[in-house]
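Sequence lines, in order, name chains A and B.
Residue numbers for the first sequence follow the working numbering, so the first one is 488 and each next one is one higher.
Residue numbers for the second sequence follow the working numbering, so the first one is 488 and each next one is one higher.
Scroll down for the structure; my scribbles are underneath it.
There are 2 protein chains.
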Amino acid sequence: MTSVDEPVRPDRRLPDAARTRSDILEAATGEFARAGYDGARVEEIAARTRTTKRMIYYYFGGKKQLFAAVLERAYGALHGVEELLDVGHLDPVTAVRRLAEVTFDHHERHPDLVRLVGIENIHGGEHLAAARRFGRIDAPGLATLREILDAGRESGVFTADVDAVDLHAMISAFCFYRVAGRHTFGALFDRDLTAPARRDHYRAMLADMVIAYLKG
Amino acid sequence: MTSVDEPVRPDRRLPDAARTRSDILEAATGEFARAGYDGARVEEIAARTRTTKRMIYYYFGGKKQLFAAVLERAYGALHGVEELLDVGHLDPVTAVRRLAEVTFDHHERHPDLVRLVGIENIHGGEHLAAARRFGRIDAPGLATLREILDAGRESGVFTADVDAVDLHAMISAFCFYRVAGRHTFGALFDRDLTAPARRDHYRAMLADMVIAYLKG
DNA sequence: GTCTATAGATAGATAGAC
DNA sequence: GTCTATCTATCTATAGAC
Chain A
488 MTSVDEPVRP DRRLPDAART RSDILEAATG EFARAGYDGA RVEEIAARTR TTKRMIYYYF
548 GGKKQLFAAV LERAYGALHG VEELLDVGHL DPVTAVRRLA EVTFDHHERH PDLVRLVGIE
608 NIHGGEHLAA ARRFGRIDAP GLATLREILD AGRESGVFTA DVDAVDLHAM ISAFCFYRVA
668 GRHTFGALFD RDLTAPARRD HYRAMLADMV IAYLKG
Chain B
488 MTSVDEPVRP DRRLPDAART RSDILEAATG EFARAGYDGA RVEEIAARTR TTKRMIYYYF
548 GGKKQLFAAV LERAYGALHG VEELLDVGHL DPVTAVRRLA EVTFDHHERH PDLVRLVGIE
608 NIHGGEHLAA ARRFGRIDAP GLATLREILD AGRESGVFTA DVDAVDLHAM ISAFCFYRVA
668 GRHTFGALFD RDLTAPARRD HYRAMLADMV IAYLKG
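Here it is as structure tokens:
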């Protein structure tokens, strides 16, 4: 029970139930990302929390629903970043560069999200579909991209007639593959796509590519 | 036993042992691609062959080694395609377009390979590393790309100073994501990246992007 | 080389007390 | 809401006959 006269300690900012839920989701994110859906162990998730395996079933119902909740939370974090992005005052070229960089940085900072997305695709997207039945998961970044492309076409700096969804796919592809494909790529070509020393290089490469494409 | 006076039936072109091995690999490719490494069932793989579960252990030693063999075979097929590629007589722009298209087509035609690569990355590339300890897996397409880039820079059509490995990563990223990320992308943006009606569009988009980037 | 039967380990899920 | 103990199913792997 949280009462008003109880001092708010750092790990007590949430009511107990919400905090337990949040703890479980945090631990589950790591475990699912580590081992995949079938490789993940509910036992191991419980061991990473202050609570027990029984509570996971109590709060989420089962492994499947837990994974769906983990996914939903991960996407929510990504889209939160996109919402904060304010590029309305920038010229189209700079704006699209910023958008590509923000997408790049988020993948860079959250390899777990990338892994979860990869895992979810192995399983045909079934959990995400389930999650979407309850709350919509929207990507605000797409609307921003649409505006940038319109502005660029109007001012004549972008000659290619590109669809916003397609361009978003292109940007996502590069960001995703750099993280999700790094092990096989590294093994075959002896190059670590995620080496810190090459991070700025790849971020610039992505933005240059997108802009070159838009300028036709 | 295959003897000289026995008629060679279509499914008897290989000696029995090799044929059984090949059958198992074929079935295992499908099952691993369907369910992931931990989700795949050795029982199910056996059921898809003319042989039994016991033989899988007899031939491959275990599930892990079987998956490694499946990967090795899948990469072999990809690199076989790259070897057949003859672009020496083409101008650099056309040559790089051809290379991008061949890579695109191979991913399009072999979604199972794409899924296997995704699965292998979930598991940190350990099986591929194991496979490489025995036989090298080389990507001949990379040498071709290097030659094209050199020729393009010399003739002055390519102004960007791009590394062949990096450009290969960029091309692979797009081809990979279109297949490996289609479920989550489709769920979020309501667009099927692998719809047959859009295939030519995306193939051209990839080539256009690469060429625009190389022309600076 | 090929089969049947089974060992041995471990997972997800739950019962039931408090 | 939280714990311990356990059920039930299932999976990889192997023994052993032929």
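Even for Gly, the Cβ is constructed at its ideal location relative to N, Cα and C.
Since the structure is predicted, the reported quantities are computational estimates derived from the model, not experimental observations.
Residue i classed as buried or exposed, judged by whether at least 16 other C-beta atoms fall within 10 angstroms
{"i": "Arg596/B", "result": "exposed"}
{"i": "Leu632/A", "result": "buried"}
{"i": "Leu565/B", "result": "buried"}
{"i": "His655/A", "result": "buried"}
{"i": "Ala534/B", "result": "exposed"}
{"i": "Pro579/A", "result": "buried"}
{"i": "Glu641/B", "result": "exposed"}
{"i": "His614/B", "result": "buried"}
{"i": "Ala514/B", "result": "buried"}
{"i": "Arg537/B", "result": "exposed"}
{"i": "Thr539/B", "result": "exposed"}
{"i": "Gly639/A", "result": "buried"}
{"i": "Ile698/A", "result": "buried"}
{"i": "Glu518/B", "result": "buried"}
{"i": "Tyr562/A", "result": "buried"}
{"i": "Ala682/B", "result": "exposed"}
{"i": "Arg584/B", "result": "buried"}
{"i": "Ala684/B", "result": "exposed"}
{"i": "Gly605/B", "result": "buried"}
{"i": "Gly643/B", "result": "exposed"}
{"i": "Gly548/A", "result": "exposed"}
CB contact flag (residue i, residue j, <8 Å)
{"i": "Asp442/A", "j": "Gly523/B", "result": "Nothing about residue 442/A can be reported from this structure: the residues present for chain A run from 488 to 703 only."}
{"i": "Ala651/B", "j": "Leu629/B", "result": "yes"}
{"i": "Ala582/A", "j": "Ala694/A", "result": "no"}
{"i": "Val574/A", "j": "Ile635/A", "result": "yes"}
{"i": "His594/A", "j": "Val568/A", "result": "no"}
{"i": "Ala674/A", "j": "Arg602/A", "result": "no"}
{"i": "Tyr664/B", "j": "Ala660/A", "result": "yes"}
{"i": "Pro627/A", "j": "Glu570/A", "result": "yes"}
{"i": "Ile511/B", "j": "Val529/B", "result": "no"}
{"i": "Glu607/A", "j": "His670/B", "result": "yes"}
{"i": "Arg506/A", "j": "Tyr546/A", "result": "no"}
{"i": "Ala504/A", "j": "Ala555/A", "result": "no"}
{"i": "Val589/A", "j": "Leu577/A", "result": "no"}
{"i": "Met692/B", "j": "Met696/A", "result": "no"}
Residue i beta carbon near the ligand MG (any heavy atom closer than 7 Å)
{"i": "Glu634/B", "result": "Looking for the ligand MG in the displayed structure turns up nothing, as the structure carries no ligands at all."}
Three-pair Cβ contact test at 8 Å for the segment 644-664 of chain B versus the segment 685-703 of chain B: At 8 Å Cβ cutoff, the stretches touch.
For the segment 618-657 of chain A, which segments carrying the beta strand (DSSP E) assignment without a break, of at least 3 residues, lie completely within its bounds, in sequence order? As far as the segment 618-657 of chain A is concerned, it has no whole beta strand (DSSP E) run of at least 3 residues.
Going residue by residue through the segment 497-528 of chain B, where are the continuous alpha helix (DSSP H) segments of at least 4 residues, counting only ones entirely within it? Counting whole runs of 4 or more residues, the segment 497-528 of chain B contains the alpha helix (DSSP H) stretches 503-526.
Counting only runs of 4+ residues fully inside the segment 537-625 of chain A, write out the alpha helix (DSSP H) ranges in chain order. As far as the segment 537-625 of chain A is concerned, its whole alpha helix (DSSP H) runs of at least 4 residues are 540-547, 550-571, 579-596, 598-609 and 613-621.
Near-chain B residues of the segment 588-614 of chain A (beta-carbon distance less than 9 Å), N- to C-terminal order: Listed in sequence order: Arg602, Val604, Gly605, Ile606, Glu607, Asn608, Ile609, His610, Gly611, Gly612 and Glu613.
Chain B contacts from the segment 516-527 of chain A (Cβ-Cβ distance under 8 Å): Residues Ala522, Gly523, Tyr524, Asp525 and Gly526.
According to a CB-to-CB cut-off of less than 8 Å, which residues of the segment 670-684 of chain B neighbour chain A? From the segment 670-684 of chain B, only His670, Thr671, Phe672, Gly673, Ala674, Leu675, Phe676, Arg678 and Leu680 have a Cβ closer than 8 Å to chain A.
Name, going along the chain, the residues of the segment 626-649 of chain B whose beta-carbon falls closer than 9 Å to a beta-carbon of chain A. Cβ contacts with chain A: Ala626, Leu629, Ala647 and Val649.
Listed in chain order, which residues of the segment 532-564 of chain B have Cβ atoms closer than 7 Å to some Cβ of chain A? If you check each beta-carbon in the segment 532-564 of chain B against every beta-carbon of chain A, none falls closer than 7 Å.
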